[in-house]
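Chemist: What follows is a structure written as structure tokens; I'll ask about it next.
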Amino acid sequence: MSLEYLVNNYNQTIILKMKERNSLYLFSITLVATLGGLLFGYDTAVISGAEKSIQAYLIKSQGLSSWIHGATVSSALIGCIIGGLISGWVASRLGRKKALFLTSILFILTALGSGNPEFLFFTKGHPSIGVLIMFNFYRILGGIGIGLASAVSPIYISEIAPADIRGKLVSLNQFAIVFGILVVYFVNWGIAKGQTLEWINSTGWRWMFVSGTIPAGLFAILLLLVPETPRFLALVGKYDKALKVLQKINGQERAKQILQEIKTTVEKSSGNLFAFGKTVIIVGILLSVFQQFVGINVAMYYAPRIFESMGAAKDASMLQTVVMGLVNAVFTVIAILTVDKWGRKPLLMLGSMGMAFGMFAIGALAFFKVIGIMTLIFIIIYTASFMMSWGPICWVLISEIFPNKIRGKAVAIAVAFMWAANFLISSTYPAMMEISSGGTYCLYGVMSILSFIFVWKMVPETKNKTLEEMESLWKKL
Ligand code: BGC
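Positions in the sequence shown are counted from 1; adding 8 to them yields the numbering used here.
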């Protein structure tokens, strides 16, 4: 058999697979799942527009400290950690589809509740400790929704996606996250535009939260139209249903083949978390921790200050939103277009280098107390590097590297670590900046270099592999 024959044969199989595939259907159900990502972005960023009003209305009015203000702004993160932790249990008990539906309900509740924390127990216009507690309660509830969605949306997409475009489809979820962040900035801006500060502080901030019911409601309704994932259906022994979903996505012939492969992995392997060794779990955790330790969320908070210091004055935040929004979107698209061609590892390693370069440069400028256009350029280089690599691909890998039987539990552990690391970095940032701003950025630079070494040495390439092939990947290690 000649090499040419083999190549032609291989190409024909791929073309056949693609012809039979119902791309429109696949794309539509993927988009529904990415609404989980959109709400992840929306609900983490909504606070940025409402935070000053919360401070005036609920904190300062009662003479409470800035510490309580800080805790209130970040309380949702506690919920995110909880949501991440329970995601495995929820996604295995309810299934992926119902777990996503649960998040949509949590998103609706947090939107209504955070905007009306007085509901049932208190009177509007009379801020009290009780109202503050209820506000935090609803924010934590929303955080649980975010934590759950952050784990289950990528799992859902990964479990419906054909292997050759899985990276692309899961990366769409990161696009939805940054898009959600951008949308809520505009929504908050639209609500506050032309209004008096008094109105914003008493009423405007409520609408910012309540606006979340629109994407959340849409998510709940559209979820009724999507199927459960074939991998979950197979896990609970519903092979007929799994086959139907696979047929709808991949066509008759390919579906049978995939189901057979899934069956083998489901029946042969045990559901013990360490059934495939400790390495896979450690790799999952380190992917998560590094995605946060490189300092992305700090860069996102730091960007507005740079814009302010550049004297862009009143419109600074809008300018910043548009510029960073564009950088985020464009570079996430680069990842979407390349992740299945170039592979996960090269992109991650390239991103790590770009981030290290950006952070060391920002650190050096901070040492010399130079702030201005150069800092902004390096922040953009840093953020662009993250968006074309660790932003989307970390989620791609977390949703695909774990074998079918342990995916739910293992993703939950990784995602809980991700949110805990996010909390650690965000909460230590102000104190670290007081000690040394240059040193702080250089530390994130060091983390970026370590993330490069970690990917190089420990992360296997998963491009084009089916989820069923992941098992052999780990057994070999
Ligand atoms: C990260 C978040 C980050 C978001 C937007 C996600 O991949 O997990 O921590 O805020 O991207 O940059």
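For every residue, glycine included, the Cβ atom is placed at its ideal position computed from N, Cα and C.
Note that the structure is a prediction, hence the values are computed from the model and not measured.
Do three or more CB pairs link the region 119-131 to the region 446-455 at distances below 8 Å?
Modeler: Not touching, per the Cβ criterion.
Chemist: Per DSSP, what kind of secondary structure is residue 281 in: helix, strand or coil?
Modeler: Residue 281: coil per DSSP, three-state reduction.
Chemist: Exposed or buried, residue 438, counting other C-beta atoms within 10 Å across all chains shown (16 or more means buried)?
Modeler: It is exposed - the Cβ of residue 438 has fewer than 16 other Cβ atoms within 10 Å.
Chemist: Reducing DSSP to helix, strand and coil, say where residue 485 ends up.
Modeler: Residue placement at residue 485 cannot be trusted, given a pLDDT of 47 that sits under 50; what the coordinates show is reported in the next sentence. Coil, per DSSP.
Chemist: Contact between the region 386-403 and the region 254-266 is defined here as three or more beta-carbon pairs at a separation below 8 Å; is this criterion met?
Modeler: With the cut-off at 8 Å, the region 386-403 and the region 254-266 do not touch.
Chemist: Can you give me the C-alpha to C-alpha distance between residue 436 and residue 88, rounded to a whole angstrom?
Modeler: Each residue's Cα considered, the two are about 18 Å apart.
Chemist: Helix or strand or just coil, what does DSSP make of residue 9?
Modeler: Per-residue confidence for residue 9 stands at a pLDDT of 49, beneath the threshold of 50, marking its modelled position as unreliable; no derived number is given.
Chemist: Can you tell which of 60, 272, 28 has its C-alpha closest to the C-alpha of residue 208?
Modeler: Of 60, 272, 28, the residue nearest in Cα terms is 60.
Chemist: Beta carbon of residue 446, beta carbon of residue 371: below 7 Å?
Modeler: The answer is yes: Cβ separation under 7 Å.
Chemist: Less than 7 Å between the C-beta atoms of residue 43 and residue 140, yes or no?
Modeler: Against a cut-off of 7 Å, the Cβ pair of residue 140 and residue 43 comes out as no contact.
Chemist: Please go through the same chain and pick out, in chain order, the residues whose beta-carbon is closer than 6 Å to the beta-carbon of residue 200, but skip the five residues on each side of it.
Modeler: Within the same chain, residue 200 has close Cβ partners 208, 212.
Chemist: Take residue 291 and list the residues in its own chain whose beta-carbon comes closer than 7 Å to its own, dropping the five residues that flank it on each side.
Modeler: If we look at residue 291 and ignore the five residues flanking it on each side, its Cβ neighbours are 409, 466, 467.
Chemist: In the structure shown, what three-state DSSP assignment does residue 259 receive?
Modeler: In this structure, residue 259 counts as coil in the three-state DSSP scheme.
Chemist: Confirm, please, whether the CB-CB distance from residue 144 to residue 273 is below 7 Å.
Modeler: No.
Chemist: Using three-state DSSP, classify residue 244 as helix, strand or coil.
Modeler: Three-state result, residue 244: coil.
Chemist: With respect to 6 Å, is the separation between the Cβ of residue 389 and the closest non-hydrogen atom of the ligand BGC below this value?
Modeler: No, the Cβ of residue 389 stays beyond 6 Å of every heavy atom of the ligand BGC.
Chemist: If you measure between the beta carbons of residue 417 and residue 92, is that distance less than 7 Å?
Modeler: For residue 417 and residue 92, no; Cβs fall outside 7 Å.
Chemist: Less than 6 Å between the CB of residue 181 and some heavy atom of the ligand BGC, yes or no?
Modeler: Incorrect: residue 181 has no Cβ contact closer than 6 Å to the ligand BGC.
Chemist: Under 8 Å: do the region 48-58 and the region 153-165 share three or more Cβ pairs, one atom per stretch?
Modeler: Output reads yes: the region 153-165 touches the region 48-58.
Chemist: CA-CA distance, residue 394 and residue 134?
Modeler: So the alpha carbons of these two residues sit roughly 44 Å apart.
Chemist: With the cut-off set at 7 Å, would you say residue 398 and residue 299 are in Cβ contact?
Modeler: Yes, these two residues count as a Cβ contact at 7 Å.
Chemist: Find out if the Cβ-Cβ distance for the pair residue 241, residue 228 is shorter than 7 Å.
Modeler: It is not a contact, given that the beta carbons lie outside the stated cut-off.
Chemist: Using the C-alpha atoms, what's the distance from residue 118 back to residue 75?
Modeler: Going by the C-alpha atoms only, they are around 23 Å apart.
Chemist: Residues in the same chain with beta-carbon distance under 8 Å from residue 40, minus the five sequence neighbours each way, listed in chain order, please.
Modeler: Closer than 8 Å at the Cβ level, and outside the excluded window around residue 40, lie 227, 230, 231, 233, 234.
Chemist: How about the region 185-192 and the region 351-369: do they share at least three Cβ pairs that are nearer than 8 Å?
Modeler: These segments do not touch.
Chemist: What do you get for residue 69, buried or exposed, if any count of 16 or more other CB atoms within 10 angstroms of its CB means buried?
Modeler: Exposed: under 16 other Cβ atoms inside 10 Å.
Chemist: Buried or exposed for residue 181, please, with buried defined as at least 16 other CB atoms from any protein chain shown within 10 angstroms of its CB.
Modeler: By the 10 Å Cβ count, residue 181 comes out buried.
Chemist: Thinking C-beta only, is residue 166 closer than 7 Å to residue 407?
Modeler: Taking 7 Å as the Cβ cut-off, residue 407 and residue 166 qualify as a contacting pair.
Chemist: Measuring CA to CA, which of 464, 352, 269 is closest to residue 474?
Modeler: Of 464, 352, 269, the residue nearest in Cα terms is 269.
Chemist: So for residue 77, helix, strand or coil by DSSP?
Modeler: Of the three classes helix, strand and coil, the one that applies to residue 77 here is helix, per DSSP.
Chemist: Quick one: what does DSSP say residue 131 is sitting in, helix, strand or coil?
Modeler: Correct three-state label for residue 131: coil.
Chemist: Going straight from the alpha carbon of residue 353 to that of residue 206, what length do you get?
Modeler: Computed Cα separation, rounded: 51 Å.
Chemist: Based on Cα-Cα distance, which residue from 244, 414, 174, 283 lies nearest to residue 345?
Modeler: Nearest of 244, 414, 174, 283 to residue 345, Cα basis: 174.
Chemist: By the three-class DSSP mapping on this structure, what secondary structure does residue 410 have?
Modeler: Three-state result, residue 410: coil.
Chemist: By Cβ distance below 8 Å, which residues in the same chain neighbour residue 358 in space, the five residues on each side in sequence not counted?
Modeler: Counting only Cβ-Cβ distances below 8 Å, and skipping sequence neighbours, we find 393, 396, 397.
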